[in-house]
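Q: For the sequence shown, the positions run 0 to 244 when numbering that gives the first Met the number 0 is used. Dumping the structure here so I can ask a few things about it.
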Amino acid sequence: MQVVVTKSYDESCAYVAKMFCDLVREKPDCKLGLATGGTPVPMYKKLIEACAKGEVDFSRVHTVNLDEYCGIPETHPQSYRYFMNTNLFDHINIDKANTYVAQGMGDAAANAAALEAKVREGGVADLQLLGIGNNGHIAFNEAGDTLTAEAHIEQLTESTINANARFFDSRDEVPTTAITMGMADILAAKKVVLIANGPAKADAIRGLIADGSITTHNPSTLLKLHPDVVVVIDEELAKAAGWQG
Ligand code: F6R
Numbered sequence: 000m001q002v003v004v005t006k007s008y009d010e011s012c013a014y015v016a017k018m019f020c021d022l023v024r025e026k027p028d029c030k031l032g033l034a035t036g037g038t039p040v041p042m043y044k045k046l047i048e049a050c051a052k053g054e055v056d057f058s059r060v061h062t063v064n065l066d067e068y069c070g071i072p073e074t075h076p077q078s079y080r081y082f083m084n085t086n087l088f089d090h091i092n093i094d095k096a097n098t099y100v101a102q103g104m105g106d107a108a109a110n111a112a113a114l115e116a117k118v119r120e121g122g123v124a125d126l127q128l129l130g131i132g133n134n135g136h137i138a139f140n141e142a143g144d145t146l147t148a149e150a151h152i153e154q155l156t157e158s159t160i161n162a163n164a165r166f167f168d169s170r171d172e173v174p175t176t177a178i179t180m181g182m183a184d185i186l187a188a189k190k191v192v193l194i195a196n197g198p199a200k201a202d203a204i205r206g207l208i209a210d211g212s213i214t215t216h217n218p219s220t221l222l223k224l225h226p227d228v229v230v231v232i233d234e235e236l237a238k239a240a241g242w243q244g
C-alpha cells in the first residue's frame, strides 16, 4: 500500500484527479469505479475543469458506482444517481449510457444482482475511487463481525446514518439500507485509490495504514489484501492518525 501525504485536502484532490486524468489519457476506453459522499466533490470539480480545458476526454469512458441508497428514486436530490449527474456527469463529455449507478427502488435482490454483473461487465475497473466512513466502511460495507463478498443490501449503522444526516433535512429522512458493492467487488479492481480528509476519519485511517492487521471491524483494512492501493491523505489527517511515514 502506498500512502501519499499532501500539504492540504485540495492538494489531495488534485493528486487523485491527476491519477484519473492520466489513466483516461493512457486508456481512453477505461472503466472507472466511482464514489459519492462529500470527500470526492472537489476532486470531481477538478475533473470537470480538466475536461472543460480539453485536457481529458471522457467520451469513451465507462463508470460503475459503488453504491446507492434503497428507497429513494434517482430523481431525489440525495440519491447517488442524482449526485453523480450533478457533481460530475452533467459537466463532462461522458455518455451517460456508459455510466451505472445501482437502482435504489424496486426489487432489492434483483438490483444487487444487476450491480454485481456490472462490476465485471466488459472487465473490472481499471481504477476504483474510495472514500472511507468514520467507522472504516468502504462503499457501504459496514464494520461488524462479518463482511459480504458480493453486491448486496446493507443495513446502515447508526454511525453512518448520523454522518449522512448532514445531507438531509432531518435524520429521519436518511435511508437505513443501501445497495453496495461487496468486498470482493472492490478488491477486484486493478487499482484502488482512497481519499480521506478530516479528524473524524483519523481512527479509521490509523487502522488502515498503521500496521498489517486486518479486521472486519474496520472494513478498509481488507484493502491490505490488494496489491495496488494508494491512500491519499493530507498532513493534518496523517498527524491525527499517528502516521510516521
Ligand atoms: C460513497 C461511499 C461511502 C463514502 C463514505 C465517506 O459512495 O461509498 O463509503 O465514501 O461514507 O463519505 P464522506 O466522503 O461523505 O465522508
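Glycine included, every Cβ here is placed at the ideal spot set by N, Cα and C. Bear in mind the structure is a predicted one, so any value in this text is a computation, not a measurement.
Could you tell me the boundaries of the alpha helix (DSSP H) in which E10 lies?
A: First-last of the alpha helix (DSSP H) with E10: Y8 to E25.
Q: Can at least three beta-carbon pairs, one atom from the stretch 82-90 and one from the stretch 11-30, be found at a separation below 8 Å?
A: With a cut-off of 8 Å, the stretch 11-30 and the stretch 82-90 do not count as touching, because too few Cβ pairs lie within range.
Q: Please go through the same chain and pick out, in chain order, the residues whose beta-carbon is closer than 7 Å to the beta-carbon of H136, but skip the five residues on each side of it.
A: Closer than 7 Å at Cβ, skipping near neighbours: A142, T159 and P218.
Q: What is the DSSP secondary structure of I137, counted as helix, strand or coil?
A: Here I137 sits in strand by DSSP.
Q: Spatial neighbours of V2 within its chain, please: C-beta separation below 6 Å, excluding the five flanking residues on both sides.
A: Cβ neighbours of V2 beyond the five flanking positions: I208 and V230.
Q: Looking at T176 and the ligand F6R, is the gap between the Cβ and the nearest heavy atom below 6 Å?
A: Every heavy atom of the ligand F6R is 6 Å or more from the Cβ of T176, so no.
Q: With a 10 Å radius around its C-beta and 16 neighbouring C-beta atoms as the bar for buried, classify K30 as buried or exposed.
A: Buried, by the Cβ-count rule.
Q: Please classify N161 as buried or exposed, where buried requires at least 16 neighbouring CB atoms within 10 angstroms.
A: Exposed, because fewer than 16 other Cβ atoms sit within 10 Å of the Cβ of N161.
Q: In its own chain, which residues sit with a C-beta less than 7 Å from the C-beta of E235, not counting the 5 before and 5 after it?
A: None.
Q: What's the gap between the Cα of F139 and the Cα of T175?
A: Computed Cα separation, rounded: 11 Å.
Q: Rounded to whole angstroms, what's the CA-CA distance from I131 to K52? Just pull it up for me.
A: Roughly 30 Å separates the two Cα atoms.
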